Structure formats: C-alpha cells, structure tokens
Amino acid sequence: MKISTKNLIISTILLVSVFLLSCSDQIEKKLIGEWSDDRKNETLIFNQDGSSVSIFQVIDNEKKVDKVNQSKWKVDSSKNPIHLDIVYCYKDEESKEDLEDILPCIIRFLSKNKIQIVKPRHRFDFNTGEKPMELPYVRPTGFFEEGDEFSGRRMTLNRQ
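With numbering that gives the first Met the number 0, letter number 130 in the sequence shown gets 129, and the count goes up by one each step, no holes.
Here it is as structure tokens:
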C-alpha cells in the first residue's frame with residue numbers, strides 16, 4: 000500500500016491540531032480551582048464556566064479588609080509563555096456603558112499544585128506621570144526576576 004505525501008502531510012497536520020487543542024483544554028482544566036499565596040493575602044478562584052474571583056487584603060483604616068473582584072478568565076496555551084487574560088467588567092459612571100478591562104498576564108505551572116502568574120506593570124504615561132485608564136496594559140514577556148522593568152508583580156500561588 001502506497002501512502003501519498005499529500006495524505007501524510009494532511010494526517011500530520013490533523014494530529015498536531017488535535018494535540019494542540021487538547022493541550023489548551025488540559026491547561027484550562029488544570030487551572031480550575033482555588034489558588035492562594037503562602038500568606039493567604041491573595042486568592043484567585045478560576046471557575047469552569049470562565050468566571051473568576053480575586054480576593055486580596057488591603058489596609059483600610061489600619062485594618063486588614065478583604066477586597067473581592069468578580070471577573071472572567073481565558074487561557075491561550077498556544078503562546079509561549081502561556082497567556083492568561085483576566086477580564087474585569089464594570090459600568091462607566093458617566094455613560095452607563097458596560098465596559099471591560101483586560102489584565103494580560105502570563106502563567107506557568109511549577110507543579111500540579113503550584114502556579115506562577117506575572118501581571119503587567121501599572122499603566123503609566125511617561126509624559127504626565129499619571130496612570131490613566133485609557134492606556135492599555137502591556138503583557139509581560141517572561142518570568143523575569145522580581146522588579147524587572149518589563150514585568151509586573153510575580154505571584155506564586157498554591158492550590159487550596
């Protein structure tokens with residue numbers, strides 16, 4: 000039986016496509032659950048339906064208070080490093096329009112129960128020194144050392 004080169008190429012492309020799609024799905028399944036830092040100062044909960052919750056402690060009137068944000072999340076494992084978008088939905092106070100603010104992060108699994116997420120740096124207008132909401136975030140490009148000028152805060156979280 001003779002296999003043509005064309006059929007071999009098509010078969011290879013199909014197998015690679017199925018593999019890549021299944022990897023993306025596996026990353027999403029692995030991410031679902033509750034993740035917290037060692038001190039429990041920040042917790043991220045990724046739900047199967049694409050919704051997420053972030054809980055972090057802030058100081059308010061000299062007391063630690065939990066701040067809770069609802070969001071959505073999506074992963075693109077075809078990128079290296081893996082892209083994680085956390086999407087915050089809010090209503091514009093003036094126009095009453097529903098808006099989204101996308102926090103473009105990167106993520107990696109250090110083990111089955113430990114992940115590392117790098118958030119983008121704060122928005123900053125170098126001309127005015129302000130942090131306007133209109134400026135887009137810039138996705139970090141790698142897992143550099145803490146404080147690197149191109150990436151924001153690096154979080155290491157454990158599955159709860």
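All residues carry an ideal CB built from backbone N, CA and C; glycine is no exception. All values derive from a computational prediction rather than experimental measurement.
Range of the contiguous beta strand (DSSP E) that encloses residue i
i, result
"Thr42", "Glu41 to Phe45"
"Arg158", "Arg153 to Arg158"
"Gly141", "No beta strand (DSSP E) contains Gly141, which DSSP labels as neither H nor E."
"Gly32", "Gly32 to Ser35"
Short Cβ contact (7 Å threshold) for residue i with residue j
i, j, result
"Glu33", "Gln159", "yes"
"Leu98", "Tyr87", "no"
"Trp72", "Phe108", "no"
"Leu102", "Ile81", "no"
"Lys113", "Asn157", "yes"
"Lys63", "Gln56", "yes"
"Pro135", "Pro119", "no"
"Thr42", "Ser51", "no"
"Asn68", "Ser53", "yes"
Option nearest residue i by Cα separation, candidates the options
i, options, result
"Gly49", "Phe55, Ile58, Arg38 and Ser70", "Ser70"
"Lys111", "Ile8, Ile9, Ser3 and Leu30", "Leu30"
"Glu27", "Glu93, Thr155, Ile106 and Asp59", "Ile106"
"Thr155", "Gln25, Ile8, Ser3 and Asp37", "Asp37"
"Gln47", "Gln25, Glu92 and Asp91", "Gln25"
Sequence-distant residues of its chain with Cβ nearer than 7 Å to residue i (five each side left out)
i, result
"Val17", "In this prediction, Val17 has a pLDDT of 45, which is less than 50 and means its spatial position is unreliable; what the coordinates show is noted afterwards. For Val17, where only same-chain residues beyond five positions count, there are no Cβ hits under 7 Å."
"Ile8", "none"
Sequence-distant residues of its chain with Cβ nearer than 6 Å to residue i (five each side left out)
i, result
"Lys66", "Phe55 and Val57"
"Asp75", "His82"
"Ser23", "At Ser23, the pLDDT of 49 sits below 50, so the modelled position is not reliable and the matter cannot be decided from this model."
"Asp100", "Tyr87"
"Asp91", "Leu98"
Other residues of its chain near residue i: CB distance less than 8 Å, five sequence neighbours each side excluded
i, result
"Cys104", "His82, Leu83, Asp84, Ile85, Ile116, Val117, Lys118, Pro119, Arg138 and Pro139"
"Leu20", "Any reading at Leu20 must be qualified, since the residue scores a pLDDT of 42, below 50, and its modelled position is unreliable; the value itself is stated next. So no residue of the chain qualifies."
Proximity test, residue i beta-carbon vs the ligand SAH heavy atom, cut-off 6 Å
i, result
"Lys73", "Here there are no bound small molecules, and the ligand SAH is not part of this structure."
task = Would you list, in sequence order, the uninterrupted beta strand (DSSP E) runs of no fewer than 3 residues that lie entirely inside the stretch 56-118?
result = 62-75, 81-90, 97-110 and 113-117
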